[in-house]
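Here is the structure we will look at.
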Amino acid sequence: LFNGNIQGQFRRLSYPNGKHSIVKSNDDPGEPLFLTPYIEQGKIEEARRLSSVELPPFKRQSFSGYLTVNKEFNSNMFFWFFPAQNDNINAPVLLWLQGGPGETSLYGLFNEHGPIQINTDESLSERSITWNSLYNLLYIDNPVGTGYSFTSNDQGYARSEDDVARDLYSALTQFFQIYTDYVSNSFYITGESYAGKYVPSIGYKIHIENQNPQVKVKINLVGLAMGNGWIDPYRQYVYGPLLYQIGLIDSEQLFYVNLQSDLVRYAISQKRFSDASKISDSLFYGDLNNTSYLTNVTGLRAYYNYLQTDVTPNMNNYIKFITNVDRRRQIHVGNLTFHDDDQVAINLGNDIFQSIPSQQLTILFDNYKILIYNGLLDIICAESLTLNWISDLQWSHSNEYKNAIRQIWKVNSTDDQIAGYIKIVNKFMLASIRNAGHRVPIGQPRAMFDLLKRFIELTFIN
Numbered sequence: 001l002f003n004g005n006i007q008g009q010f011r012r013l014s015y016p017n018g019k020h021s022i023v024k025s026n027d028d029p030g031e032p033l034f035l036t037p038y039i040e041q042g043k044i045e046e047a048r049r050l051s052s053v054e055l056p057p058f059k060r061q062s063f064s065g066y067l068t069v070n071k072e073f074n075s076n077m078f079f080w081f082f083p084a085q086n087d088n089i090n091a092p093v094l095l096w097l098q099g100g101p102g103e104t105s106l107y108g109l110f111n112e113h114g115p116i117q118i119n120t121d122e123s124l125s126e127r128s129i130t131w132n133s134l135y136n137l138l139y140i141d142n143p144v145g146t147g148y149s150f151t152s153n154d155q156g157y158a159r160s161e162d163d164v165a166r167d168l169y170s171a172l173t174q175f176f177q178i179y180t181d182y183v184s185n186s187f188y189i190t191g192e193s194y195a196g197k198y199v200p201s202i203g204y205k206i207h208i209e210n211q212n213p214q215v216k217v218k219i220n221l222v223g224l225a226m227g228n229g230w231i232d233p234y235r236q237y238v239y240g241p242l243l244y245q246i247g248l249i250d251s252e253q254l255f256y257v258n259l260q261s262d263l264v265r266y267a268i269s270q271k272r273f274s275d276a277s278k279i280s281d282s283l284f285y286g287d288l289n290n291t292s293y294l295t296n297v298t299g300l301r302a303y304y305n306y307l308q309t310d311v312t313p314n315m316n317n318y319i320k321f322i323t324n325v326d327r328r329r330q331i332h333v334g335n336l337t338f339h340d341d342d343q344v345a346i347n348l349g350n351d352i353f354q355s356i357p358s359q360q361l362t363i364l365f366d367n368y369k370i371l372i373y374n375g376l377l378d379i380i381c382a383e384s385l386t387l388n389w390i391s392d393l394q395w396s397h398s399n400e401y402k403n404a405i406r407q408i409w410k411v412n413s414t415d416d417q418i419a420g421y422i423k424i425v426n427k428f429m430l431a432s433i434r435n436a437g438h439r440v441p442i443g444q445p446r447a448m449f450d451l452l453k454r455f456i457e458l459t460f461i462n
């Protein structure tokens, strides 16, 4: 499927590709901490103690390490867990999954909503608006082969969403066996972009496993939140009208974009996913031929915010920080490789243009709280494209959804600025965020945090 750096519909626009591993021989990065053997030996207290992270000047406790999800292939997933800053023992646990495929969840930690951030001088400081102020945050590098997660065998890479969910479920059940204080807390799965596939996939996996009375760990799944998610490529790949209406293409160019979009959708319908990727690449990114139609006619090189020409700079400072020898020792990864190359995307090549089964989405919508949110300046996973699959989804409140009133939303009622718009049906919330693109927590952190609180606490606007 892939030649050169082609990654199908998505580029990991946040940082340059590569591997970051080797430290100088006279440096001491410590040893990687594999926690699974401690679980198997019943040494839970020792596992908790060893996984504690000291990260001056950040004074709050956190935990990190590796969980083995496949012994045959030596597949291990890296996690970093931050207990809620308000010390609420009943605070929900939020799992955050980045997109890509193959983008480290540490991007979300350092650039979007985690308790710490990297300054321009590479120093560490606390983030003023962090989800961690109210909630327990769990960041996992997902799938295997992403960030600090790794496998020793090519067969350890995920090739489908079933594979992704299988490995992630194994990691989660082990996590809750170590940090037992949180197993009964409400559990939410959150993510953005390509995690629009990961979130429902692991959500459905948890739903099925929880039906088994013999399950080792019953995860208290309560809700799922997906931001600018790539969920149903067939219904979302309708870019022509959007690009035309925001003025990026004219009527002649619209004809061509519509034609190419129809070809992509036809290839998807015929399960020719490789063809769909190639057609889409020539339309959007040009990884195969170093040029794309839309770059040629619009001049844009990124499609995460149509007000920007290129990728937001200086978003990759955290990579140098977390691959520093001292940081490696502090977060228990030793001299293991930090991956941000294409292997995860290559192995998930046939997954990129497959949709999450509607039956799975229906079960999730019928049984859990669901938040779907979109930054209105995004192109690649624009709101109008998201609405295509939501409108077609059949679930117990789908008729009510079609008649629901969209409401104006402000963070505070006295605010001059409108944060966005919300539509609420039963336990489903659909939110549109103004002045934000593909990554809402970066563009509008205050509004995003307010939205998250309303969703979790069920404090909806009138």
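Every letter in the sequence shown is one number past the one before it in UniProt numbering, and letter 108, counting from 1, is 108.
Where a beta carbon is used, it is the ideal one built from N, C-alpha and C, also for glycine.
Opposing strand residues paired with residue i [DSSP bridges]
{"i": "leucine 94", "result": "Leu137 and Tyr188"}
{"i": "methionine 226", "result": "Gly191 and Ile372"}
{"i": "methionine 448", "result": "Methionine 448 pairs with nothing; no bridge assigned."}
{"i": "alanine 431", "result": "Tyr373 and Ile422"}
{"i": "threonine 68", "result": "Asn76"}
{"i": "leucine 124", "result": "Ile118"}
{"i": "phenylalanine 63", "result": "Ser52 and Phe81"}
{"i": "glutamine 407", "result": "Ile422"}
{"i": "phenylalanine 176", "result": "None, per the DSSP bridge assignment."}
{"i": "proline 221", "result": "The sequence given here places leucine at residue 221; proline does not occur at that position. Phe187."}
Alpha carbon of residue i to alpha carbon of residue j, nearest angstrom
{"i": "alanine 447", "j": "histidine 113", "result": "12 Å"}
{"i": "tyrosine 81", "j": "alanine 436", "result": "Rather than tyrosine, the amino acid found at residue 81 in this sequence is phenylalanine. Those two C-alpha atoms are separated by around 27 Å."}
{"i": "threonine 151", "j": "glycine 247", "result": "45 Å"}
{"i": "threonine 386", "j": "valine 311", "result": "23 Å"}
{"i": "isoleucine 322", "j": "isoleucine 352", "result": "29 Å"}
{"i": "aspartate 154", "j": "isoleucine 346", "result": "11 Å"}
{"i": "phenylalanine 455", "j": "leucine 371", "result": "7 Å"}
{"i": "tyrosine 135", "j": "leucine 300", "result": "37 Å"}
{"i": "histidine 339", "j": "serine 277", "result": "23 Å"}
{"i": "proline 92", "j": "proline 83", "result": "10 Å"}
{"i": "residue 489", "j": "lysine 423", "result": "This structure does not reach residue 489, given that the chain is present from 1 up to 462, and the question cannot be answered."}
{"i": "threonine 173", "j": "valine 325", "result": "30 Å"}
{"i": "glycine 420", "j": "valine 440", "result": "12 Å"}
C-beta atoms of residue i and residue j nearer than 8 Å
{"i": "aspartate 167", "j": "methionine 315", "result": "no"}
{"i": "isoleucine 356", "j": "aspartate 232", "result": "yes"}
{"i": "asparagine 220", "j": "serine 170", "result": "no"}
{"i": "arginine 265", "j": "aspartate 392", "result": "no"}
{"i": "arginine 434", "j": "isoleucine 418", "result": "yes"}
{"i": "valine 217", "j": "glutamine 177", "result": "yes"}
{"i": "tyrosine 239", "j": "serine 261", "result": "yes"}
{"i": "leucine 94", "j": "leucine 50", "result": "no"}
{"i": "threonine 146", "j": "threonine 190", "result": "no"}
{"i": "leucine 361", "j": "proline 213", "result": "no"}
{"i": "phenylalanine 449", "j": "isoleucine 208", "result": "no"}
{"i": "phenylalanine 34", "j": "threonine 68", "result": "yes"}
{"i": "alanine 382", "j": "leucine 242", "result": "yes"}
{"i": "serine 366", "j": "serine 398", "result": "The residue asked about is misnamed: residue 366 is aspartate in this sequence, not serine. No; because the gap between Cβ atoms is not below 8 Å, this pair is not in contact."}
{"i": "valine 344", "j": "tyrosine 157", "result": "yes"}
{"i": "residue 463", "j": "tyrosine 306", "result": "This structure gives no information on residue 463, because the portion of the chain shown stretches from 1 to 462."}
Decide if the stretch 193–205 is in contact with the stretch 91–100; the criterion is three or more beta carbon pairs, one per stretch, under 8 Å apart. yes
Which ranges does the alpha helix (DSSP H) cover as unbroken runs of at least 4 residues, wholly within the stretch 328–354, from first to last along the chain? 343–347
Which ranges would you report for the alpha helix (DSSP H) in the stretch 244–314 if only whole runs of at least 4 residues count? 251–269, 273–283 and 293–298
Is the stretch 118–127 touching the stretch 329–336, taking contact as three or more C-beta pairs under 8 Å? Taking a cut-off of 8 Å on C-beta distances, the stretch 118–127 does not touch the stretch 329–336, as fewer than three cross pairs fall below it.
The stretch 423–433 / the stretch 363–381 touching (three or more Cβ pairs under 8 Å): yes
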